[in-house]
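Novice: 455 is the number that my numbering gives to position 236 of the sequence shown; each next residue is one higher, with no gaps.
Got a structure for you, written out below as structure tokens; questions coming shortly.
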Amino acid sequence: MKIVVLAGGLSSERSVSLVSGTGVCRALRENGHRAILVDMFLGLEEVPGDLERLFDAPNGLCTDVKVEATAPDLEAVRAQRKDKSENRFGPHVLELCTMADIVFLGLHGEDGEDGRVQAAFDLLGIKYTGSGHMASAVAMDKVATKRMMDSLGIPTPEWRVLTYSPEEVEELSQELPMPCVVKTVDGGSSLGVFLPDTREELKDALLEVLKFSSRVLVEKRVYGRELVAGVLGENYLPCAMTIPANNGNFDYVSKYQSLENGGATELCPAPITQEEQKLVGELTLKLFHGLGLQVYARADVILDEEGNPWFLEFNSLPGMTPASFMPKEAAAAGITYNQLCEQIVQLSYSLKRRG
220 MKIVVLAGGL SSERSVSLVS GTGVCRALRE NGHRAILVDM FLGLEEVPGD LERLFDAPNG
280 LCTDVKVEAT APDLEAVRAQ RKDKSENRFG PHVLELCTMA DIVFLGLHGE DGEDGRVQAA
340 FDLLGIKYTG SGHMASAVAM DKVATKRMMD SLGIPTPEWR VLTYSPEEVE ELSQELPMPC
400 VVKTVDGGSS LGVFLPDTRE ELKDALLEVL KFSSRVLVEK RVYGRELVAG VLGENYLPCA
460 MTIPANNGNF DYVSKYQSLE NGGATELCPA PITQEEQKLV GELTLKLFHG LGLQVYARAD
520 VILDEEGNPW FLEFNSLPGM TPASFMPKEA AAAGITYNQL CEQIVQLSYS LKRRG
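Below, the structure is given as structure tokens:
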């Protein structure tokens, strides 16, 4: 197949996306596909007269990339674009996607996970991997996901959504129950997530989170083992477990840096009982179907001391970097990275989308 692996974009998770996309593109080429990596926002400024030739470009247009310890400077990314357009699709991106048999969405964050790219592709008749536009939008919105959890009877920590001004933060910081978690409603990669231990830290968190979103989710903090539960096709995968460094906070650094650089310890499969795995897996599948997700996704879950699972959120486009959970959980089920990429392509190609 001719495959465009779409990555990058203009999201705070841009670097993670590029690493995911590079890994996927190389795997698909090893599988025999004519795959190329395309940055959604930067696109390709200089192309041959016959765009078809790009699908045979050496190394699939991949370059060496890595996830830095800090989120990318998006203004610097904007400055790289010669046409200075605000269009989220860079030069020649849509042309190449239209030519491809399918687009592998290696995007993360608001570019890709919120359903807008999927909706545009549906209108253009472009095949793509993963869930459709509506399910993606619902899963990206943590408040909408919480409401779905409540309606399905999926256990989730007590929560409330807030809209407030900086002038109201002082009063809120004294009223909200503690301990709690403060997070943006539509973030990812643990960006915009705060775990305050004191009222003063809560005040700082309520101010900082406004930089990410005007709507803020505050939920009761549940303590226990931090699990990641993946779904591939119609099956749940073995759970993974994280043991965060950085004072117990599973933040951006913990997720994507090596252990010696502050990264988390990850165990896959997770050291939980078969009964706990079955319970978490079945609830994950129930929520996966309830949200209307397709092909693959993963949930974040806390397993408390009594063995009760508490679902936090769902990720409709899981990371595919070497440090990502989805490939590790697939490996624990006997599925190699290349096989995982192939299954995602084949399962997605067979879907009937609403065009």
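Beta carbons are placed, not taken as given, at the ideal position from N, Cα and C, and that holds for glycine.
These figures come from a predicted structure and were not determined experimentally.
(1) When burial is assigned at 16 or more other CB atoms within 10 Å of the CB, is Tyr471 buried or exposed?
(2) Where Phe431 and Phe507 are concerned, what is the direct C-alpha to C-alpha distance, given to the nearest angstrom?
(3) Using alpha carbons as the reference points, say which of Leu391, Val224, Leu261 and Lys303 lies closest to Thr317.
(4) Taking the alpha carbon of Arg418 as the point to measure from, which residue in Asp258, Arg434 and Val388 has its own alpha carbon closest?
(5) Jot down the residue ranges of each uninterrupted beta strand (DSSP E) in the stretch 244-307, minimum 3 residues, whole runs only, in chain order.
(6) In the DSSP assignment, find the alpha helix (DSSP H) that holds Ile521 and state where it starts and stops.
(7) Quick check on Met368: does DSSP put it in helix, strand or coil?
(8) Report yes or no: do the stretch 290-303 and the stretch 530-538 share at least 3 C-beta pairs separated by less than 8 Å?
(9) For my contact list, Leu498 and Pro528 are in at a C-beta cut-off of 8 Å; report their separation, rounded to the angstrom.
(10) Output the distance between the C-alpha atoms of Gly325 and Glu386, rounded to the nearest integer angstrom.
(11) How many Å lie between Ala276 and Leu256 at the Cα?
(12) Can you look up Ile491 in the DSSP assignment and give me helix, strand or coil?
(13) Is Arg272 buried or exposed, if buried means 16 or more other CB atoms sit within 10 Å of its CB?
(14) Looking at the secondary structure, which residues open and close the beta strand (DSSP E) in which Arg434 lies?
(15) Here's the rule I'm using: 16 or more other beta-carbon atoms within 10 Å means buried, otherwise exposed. How should Ser234 be labelled?
(16) Use the C-beta contact count for Ser543: other C-beta atoms within 10 angstroms, 16 or more gives buried, fewer gives exposed.
(17) Less than 7 Å between C-beta atoms, sequence neighbours within five positions excluded: which residues of the same chain meet that for Gly443?
(18) Tell me which residue opens and which closes the beta strand (DSSP E) that Ile462 is part of.
(19) Starting from the Cα of Asp416, find the closest Cα among Gln393, Arg434, Pro488 and Phe308 and give me that residue.
(20) Out of Gly227, Lys303 and Leu315, which one is the CA nearest neighbour of Val266?
(21) Report the option in Pro541, Gln558, Gly509 and Leu436 whose CA atom is closest to the CA atom of Ser350.
(22) Out of Gly526, Ala489, Gly411 and Met539, state which residue places its alpha-carbon closest to the alpha-carbon of Gly240.
(23) Only counting the same chain, and skipping five residues up and downstream in sequence, which positions put a Cβ closer than 8 Å to that of Gly452?
(24) Hey, is the stretch 348-367 in contact with the stretch 325-339, meaning 3+ C-beta pairs nearer than 8 Å?
(25) DSSP on Glu389, reduced to helix/strand/coil?
(26) Tell me which same chain residues have a C-beta within less than 6 Å of the C-beta of Gly279, skipping the five on either side of it?
(27) Could you tell me which of Thr555, Val447 and Leu531 sits nearest to Ala246, measuring between CA atoms?
(28) Buried or exposed, going by whether 16 or more other CB atoms sit within 10 Å of the CB of Ser384?
(29) Can you give the Cα-Cα distance for Glu287 and Val238, rounded to whole angstroms?
(30) Measuring CB atoms only, is the stretch 421-439 touching the stretch 393-402, in the sense that at least three cross pairs come out at less than 8 Å?
(31) So the candidates are Leu559, Thr484, Pro541 and Val450; which of them puts its Cα closest to the Cα of Gly575?
Specialist: Taking the definition as stated:
(1) Because Tyr471 carries a pLDDT of 42, less than 50, the predicted location of this residue cannot be relied on, and the following value inherits that uncertainty. Under this definition Tyr471 is a buried residue.
(2) 26 Å
(3) Per the C-alpha coordinates, the member of Leu391, Val224, Leu261 and Lys303 positioned closest to Thr317 is Val224.
(4) Val388
(5) 253-258
(6) Where Ile521 is concerned, there is no enclosing alpha helix (DSSP H), although the beta strand (DSSP E) it sits in stretches over Tyr515 to Leu522.
(7) helix
(8) no
(9) 6 Å
(10) 39 Å
(11) 10 Å
(12) coil
(13) exposed
(14) Arg434 to Lys439
(15) Counting the other CB atoms within 10 Å of its CB gives Ser234 a total of 16 or more, which places it among the buried residues.
(16) By the neighbour-count rule (16 or more Cβ atoms within 10 Å), Ser543 is buried.
(17) Ile521, Leu522, Asp523 and Glu524
(18) Ala459 to Ile462
(19) Gln393
(20) Leu315
(21) Gly509
(22) Met539
(23) Val514, Tyr515, Gln562 and Leu566
(24) Touching, yes.
(25) Judged by DSSP in its simplified three-state form, Glu389 adopts helix.
(26) Cys244, Arg248, Ala254, Ile255 and Leu256
(27) Ranking the options by Cα distance to Ala246, first place goes to Thr555.
(28) exposed
(29) Straight-line Cα distance between these residues: approximately 11 Å.
(30) yes
(31) With the chain covering 220 to 574 only, the question about residue 575 has no answer from this structure.
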